[in-house]
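K.L.:
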Amino acid sequence: MVNLKEKSKKRKSIVWIVLSTFFMIATLSVLVYFLIFLIRNGINAISWDFITDIPRKNMTEGGIFPAIVGTFYVASLTVLISVPLGISAAIYLNEYASQSLIVRLIRLSIRNLSGVPSIVYGLFGLGIFAATLGLGTSLLSSALTLAIMSLPWVITASEEALKAVPNSFREAGLALGTTKWQTIRFLVLPYALPGMATGSVLALARAAGETAPIILTGAAFFLPHLPRSVNDRFMALPYHLYILATQHNRLDLVRPLAYGTALVLIAMVLLLNMIAIVLRYRARKKQEW
Amino acid sequence: MDKRIIKVNDLSLWYGKTQALQNISLDIEENEITAIIGPSGCGKSTFLKTINRMVEIIPSVKIEGSIRLFDENIYDDSINLVNLRSIVGMVFQKPNPFPKSIYENVAYASKRHGIRDKAKLNEIVEKSLKQAALWDEVKGRLNESGFSLSGGQQQRLCVARALANEPQVILMDEPTSALDPIATGRLEELIQNLKNKYTVVIVTHNMQQAARLSDKTAFFLSGKMVEMDITNKIFTNPKNKKTEDYITGRFG
Amino acid sequence: MNESNREELKSRIKQDSHKQNLSNFFIEKIFLICGVLTIVFLGLIVWFLISKSWPAISEIGLREFLTKTRWMPSSPIQAGYGALSFIVSSILVTVGALIIGVPWGIFTAIFIAEVAPTRIKEVLKPVVEILGIIPSVVYGFIALLIIAPKVAQLFGLSNGLTALTGSVILAVMTLPTIVSITEDAIKSVPKDYREASYALGVGKWDTIIHVVLPAASSGILAAVMLGFGRAVGETMAVLMAAGNALNMPIKEIFNIPLPTLLQSVRTLTANIAIEGSDVPWGSLHYHSLFVVGLILFVITFIVNIIADLMLTKFQKVNKNG
Numbered sequence: 004m005v006n007l008k009e010k011s012k013k014r015k016s017i018v019w020i021v022l023s024t025f026f027m028i029a030t031l032s033v034l035v036y037f038l039i040f041l042i043r044n045g046i047n048a049i050s051w052d053f054i055t056d057i058p059r060k061n062m063t064e065g066g067i068f069p070a071i072v073g074t075f076y077v078a079s080l081t082v083l084i085s086v087p088l089g090i091s092a093a094i095y096l097n098e099y100a101s102q103s104l105i106v107r108l109i110r111l112s113i114r115n116l117s118g119v120p121s122i123v124y125g126l127f128g129l130g131i132f133a134a135t136l137g138l139g140t141s142l143l144s145s146a147l148t149l150a151i152m153s154l155p156w157v158i159t160a161s162e163e164a165l166k167a168v169p170n171s172f173r174e175a176g177l178a179l180g181t182t183k184w185q186t187i188r189f190l191v192l193p194y195a196l197p198g199m200a201t202g203s204v205l206a207l208a209r210a211a212g213e214t215a216p217i218i219l220t221g222a223a224f225f226l227p228h229l230p231r232s233v234n235d236r237f238m239a240l241p242y243h244l245y246i247l248a249t250q251h252n253r254l255d256l257v258r259p260l261a262y263g264t265a266l267v268l269i270a271m272v273l274l275l276n277m278i279a280i281v282l283r284y285r286a287r288k289k290q291e292w
Numbered sequence: 071m072d073k074r075i076i077k078v079n080d081l082s083l084w085y086g087k088t089q090a091l092q093n094i095s096l097d098i099e100e101n102e103i104t105a106i107i108g109p110s111g112c113g114k115s116t117f118l119k120t121i122n123r124m125v126e127i128i129p130s131v132k133i134e135g136s137i138r139l140f141d142e143n144i145y146d147d148s149i150n151l152v153n154l155r156s157i158v159g160m161v162f163q164k165p166n167p168f169p170k171s172i173y174e175n176v177a178y179a180s181k182r183h184g185i186r187d188k189a190k191l192n193e194i195v196e197k198s199l200k201q202a203a204l205w206d207e208v209k210g211r212l213n214e215s216g217f218s219l220s221g222g223q224q225q226r227l228c229v230a231r232a233l234a235n236e237p238q239v240i241l242m243d244e245p246t247s248a249l250d251p252i253a254t255g256r257l258e259e260l261i262q263n264l265k266n267k268y269t270v271v272i273v274t275h276n277m278q279q280a281a282r283l284s285d286k287t288a289f290f291l292s293g294k295m296v297e298m299d300i301t302n303k304i305f306t307n308p309k310n311k312k313t314e315d316y317i318t319g320r321f322g
Numbered sequence: 072m073n074e075s076n077r078e079e080l081k082s083r084i085k086q087d088s089h090k091q092n093l094s095n096f097f098i099e100k101i102f103l104i105c106g107v108l109t110i111v112f113l114g115l116i117v118w119f120l121i122s123k124s125w126p127a128i129s130e131i132g133l134r135e136f137l138t139k140t141r142w143m144p145s146s147p148i149q150a151g152y153g154a155l156s157f158i159v160s161s162i163l164v165t166v167g168a169l170i171i172g173v174p175w176g177i178f179t180a181i182f183i184a185e186v187a188p189t190r191i192k193e194v195l196k197p198v199v200e201i202l203g204i205i206p207s208v209v210y211g212f213i214a215l216l217i218i219a220p221k222v223a224q225l226f227g228l229s230n231g232l233t234a235l236t237g238s239v240i241l242a243v244m245t246l247p248t249i250v251s252i253t254e255d256a257i258k259s260v261p262k263d264y265r266e267a268s269y270a271l272g273v274g275k276w277d278t279i280i281h282v283v284l285p286a287a288s289s290g291i292l293a294a295v296m297l298g299f300g301r302a303v304g305e306t307m308a309v310l311m312a313a314g315n316a317l318n319m320p321i322k323e324i325f326n327i328p329l330p331t332l333l334q335s336v337r338t339l340t341a342n343i344a345i346e347g348s349d350v351p352w353g354s355l356h357y358h359s360l361f362v363v364g365l366i367l368f369v370i371t372f373i374v375n376i377i378a379d380l381m382l383t384k385f386q387k388v389n390k391n392g
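Chains as they are written, first to last, in my numbering: chain A, 4 to 292; chain B, 71 to 322; chain C, 72 to 392.
#1: Please list, in chain order, all residues of the same chain as Gly322(B) whose beta carbon is under 6 Å from its beta carbon, the five residues on each side excluded.
#2: Do the stretch 319-335 of chain C and the stretch 152-161 of chain C make contact, defined as three or more Cβ pairs closer than 8 Å?
#3: Leaving out the 5 sequence neighbours to the left and right, which residues in its chain are closer than 8 Å to Glu305(C) when beta-carbon positions are compared?
#4: Secondary structure at Thr269(B), three-state DSSP: helix, strand or coil?
#5: Going along the chain, which residues of its own chain have a beta-carbon closer than 7 Å to the beta-carbon of Ala187(C), five neighbours each way excluded?
#6: Taking the alpha carbon of Thr179(C) as the reference point, which residue from Thr30(A), Val168(A), Leu38(A) and Ile113(A) has its own alpha carbon closest?
#7: Measuring CA to CA, which of Ile370(C), Thr278(C), Val260(C) and Ile291(C) is closest to Asn389(C)?
#8: Under the rule that 16 or more other beta-carbon atoms within 10 Å means buried, what is His281(C), buried or exposed?
#9: Going by the DSSP bridge assignment, what does Pro330(C) pair with across the sheet?
#10: Check whether chain A comes within 7 Å of Asn213(B), counting only Cβ atoms and requiring the distance to be less than that.
#11: Using the Cα positions of Gln185(A) and Arg211(B), report the straight-line distance between them to the nearest angstrom.
#12: Between the C-alpha atoms of Val176(B) and Ser156(B), what's the straight-line distance to the nearest angstrom?
#13: Could you tell me the boundaries of the alpha helix (DSSP H) in which Lys132(B) lies?
#14: Name the chain B residues that come within less than 7 Å of Gly180(A), Cβ to Cβ?
#15: How many angstroms separate the CA atom of Ile279(C) from the CA atom of Ile291(C)?
#16: Please confirm whether Thr109(C) and Ile90(A) have their CB atoms less than 7 Å apart.
#17: Between Gly153(C) and Trp142(C), is the Cβ-Cβ spacing less than 7 Å?
#18: Do you know whose CA, among Ser50(A), Tyr99(A) and Ser23(A), lies nearest Glu99(C)'s CA?
#19: Answer yes if the stretch 173-190 of chain A comes into contact with the stretch 147-155 of chain B, meaning at least three C-beta pairs across the two stretches below 8 Å, and no otherwise.
#20: Quick check on the DSSP output: the alpha helix (DSSP H) that includes Asp52(A) runs from which residue to which?
#21: Mapping DSSP to helix, strand and coil, what is Asn213(B)?
#22: Name, please, each residue of chain C whose Cβ falls closer than 8 Å to the Cβ of Glu142(B).
#23: In three-state DSSP terms, what is Gly392(C)?
#24: Taking a contact to mean a Cβ-Cβ separation below 7 Å, would you say Gly300(C) touches Gly118(A) in this structure?
#25: Where DSSP assigns a beta bridge to Trp84(B), which residues make up the other side?
#26: Tell me, please, whether the CB atom of Arg77(C) is closer than 7 Å to any CB atom in chain B?
#27: Flag this pair as yes or no: are the beta carbons of Val161(B) and Cys228(B) separated by less than 7 Å?
#28: Ordered along the chain, which non-local residues of its own chain (more than five positions away) have a Cβ less than 6 Å from that of Ala222(A)?
#29: With 7 Å set as the bound, which would you pick, yes or no: does the beta-carbon of Phe212(C) sit closer than that to a beta-carbon of chain A?
#30: Could you tell me which of Val78(B), Leu199(B) and Lys303(B) sits nearest to Glu236(B), measuring between CA atoms?
#31: Going along the chain, which residues of its own chain have a beta-carbon closer than 7 Å to the beta-carbon of Asp235(A), five neighbours each way excluded?
#32: Output the boundary residues of the alpha helix (DSSP H) element that contains Asp255(C).
#33: For the alpha helix (DSSP H) holding Val204(A), just list the boundary residues, first then last.
#34: With the cut-off set at 7 Å, would you say Pro69(A) and Leu226(A) are in Cβ contact?
#35: What does the alpha-carbon distance come out to for the pair Phe96(C) and Leu147(A)?
#36: Who are the Cβ neighbours of Glu291(A) in its own chain at under 6 Å, not counting the five residues just before and after it?
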């Protein structure tokens, strides 16, 4: 009797182990399969010309240079706006704020902002920046939209970096008769900077991969030239991929270019993430004592 | 001339609704080492931090009564907090050098206070490290990280860092509790020498340390000061029964 | 200490710190303003969604948006503004994604938390995170080229751009969210619970099934809700995978209308993306897109609030435990 019970118990635990192992393997397989699929199909399209040439013959030939540059522009401009704002907000929350109503509201807003769908940001950006403020569909409208969208990511990462700074630095700074701002500026921030840089690079990577918001606010189907100012529209890798994959009138002809674009996009995003990981790793190593 | 540099009068302190200090009154004299002893949670560290108002970095703190430094109430609205903390330096329980070079650690406060002249800074760093009895050990490697030093050296670096401000009073919050016996001995020696120039207030839970080092000793219990007297007297002939119980090791 | 020295120190303690305090005050306020901007932005989003929706709502009525299925906003003869099929499609695709993604994610999390040795765990976590950093347009591309043909083949359809295709790709996309939050929840169940159970002679897996998972349940539920929020708000993948046909995903079987995953559908997000880039600004069509956005916002807002409450509850329970 006891033996039987033991046996069924054992069987049950085996079922759970097998199930969880199966799903874990499924997760890894999917990831590996997707990556291999993209690499195998995309690698042939990649060439020096593909990276450096403009699209030619109705995008059926040539390269994706304007899309790469456009993505670089819009992601950089996004980070340029959201990182200073995000770091400042994080400094307020972690260094100055006490438990007040305004702080609770700020935290609530950050959580809610991070849950707003990207297409709603796009709609919002279209409504406020492009239409109401008269910026039109442009690089600037897109970057402002993406900046608001990435603000919660930057704030969260920066706050984590600030939390990792030992309190003893702050105490020692204040006890030495230096002001709170001096303590933050010269003791807390240098120490938190690598963590903040990591968060910023991750934000850059995510902004570079976003499509929905820029469709509504400034990405262009095709432009023969690079954006000349922030008021110009721009080509972007993710939007370019979307067009090559679904919107082109000769899908069969542009398929290789679509594979190549997907590979370049994902390589770029993964590379940025790797840079972030290296930054974090080096910062951690430096901080060990 | 009045030798009493700090006069604490009827000081009470609350963390939120919990009272941590009750009606403390005591005087601290110039160029003496005053030890504050008592079991953990008796309020001795809290009291120490009221002298440079570091206690206020906790937002819910409420304070009544007064502390006079040179007959100025440091809890007056007109007090310059930054200057107060330069004049009343502090050394913490755990050595806490900044993640900067030895040189930058000592020069940190002076730089923030606007001293830019390199020669002047060099002079301050050398003088402070010498006073902290660390100069000979580090003079060849001032650009190395403060963390490269041993625990005892780090704590002396923290003393040097405070001395660079040319303080009058140095507060020490159990400065040897994280150190080994040899490092402790060296720091105690340093503290002894400091009293020639500075006034030292030291919190310790090590009664031998208080007996060895200090001129006066105050005994705290449950947020109240039980008694304060010449150290010798406290340890040989305390007036209060509770003090006697504590120093003879019957509790705490 | 001589008298002059003493006077000098006195004056230093009393030195006017007004300027210093003032500059520190302003510095703090600048940071505060940056923090408050988050409130402003959220407020602006809500305000814009409502105010830009308003012309459409007042002219057409919210009722048509929520109950009708005919969406023809640019038709010059008889315009239709029924967004019901978008709502149903969004929810259908999302529920489909969760049916696949939730067990998948939870078991993956159980593997990471309970089966994998520590060193493998440290590798697995960032690997699963990679799924979260792949841009959604790439997922859409993959769905289009890998999943859609499989769906078409499996169900004998002429093309595989269906709700099911969208659900499958969304399931993969929600995995990182579900896995990491579930794993966190399992990990933060207090050790005492386990130990008490072991002390009673209960085996490891019985303890996990009957003690750990129930204790982590509100955390896991939060993971599911956040997965829902992420999936329902996802644009590019469903836009590229689900076909975007304007119809209700309903099939009648024995005269009973049942939802079906095997039809081409257009979600709330996809509709905004398709029409938003070339809609004439200020037109009724433009405002009606904001109504669609508002509906989407309200759905995600509610779902995220529930997830938040669940997480708070979970943290509270485990603090007491």
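Positions of the beta carbon are idealized from the N, C-alpha and C atoms, including for glycine.
P.N.:
Put simply:
#1: Annotation note: pLDDT 47 at Gly322(B) (below 50); position unreliable, coordinate value reported separately. The answer, listed in chain order, is Pro109 and Tyr316.
#2: yes
#3: Ser207, Leu241, Met244 and Thr340
#4: strand
#5: Leu195
#6: Thr30(A)
#7: Val260(C)
#8: exposed
#9: Ile321(C)
#10: no
#11: 26 Å
#12: 13 Å
#13: Element bounds for Lys132(B): not the alpha helix (DSSP H) but the beta strand (DSSP E), Val131 to Leu139.
#14: Val152, Asn153, Arg155, Ser156, Ala179 and Asn235
#15: 14 Å
#16: no
#17: yes
#18: Tyr99(A)
#19: yes
#20: Trp51 to Thr55
#21: coil
#22: Lys81, Ile84 and Lys85
#23: In this prediction, Gly392(C) scores a pLDDT of 46, lower than 50, which makes its location untrustworthy; no coordinate-derived value is stated.
#24: yes
#25: Gln89(B) and Lys132(B)
#26: yes
#27: yes
#28: Ala239 and Tyr242
#29: yes
#30: Leu199(B)
#31: Ser141 and Leu142
#32: Ala234 to Lys258
#33: Leu192 to Gly212
#34: yes
#35: 29 Å
#36: Because Glu291(A) carries a pLDDT of 49, less than 50, the predicted location of this residue cannot be relied on, and no value is offered for it.
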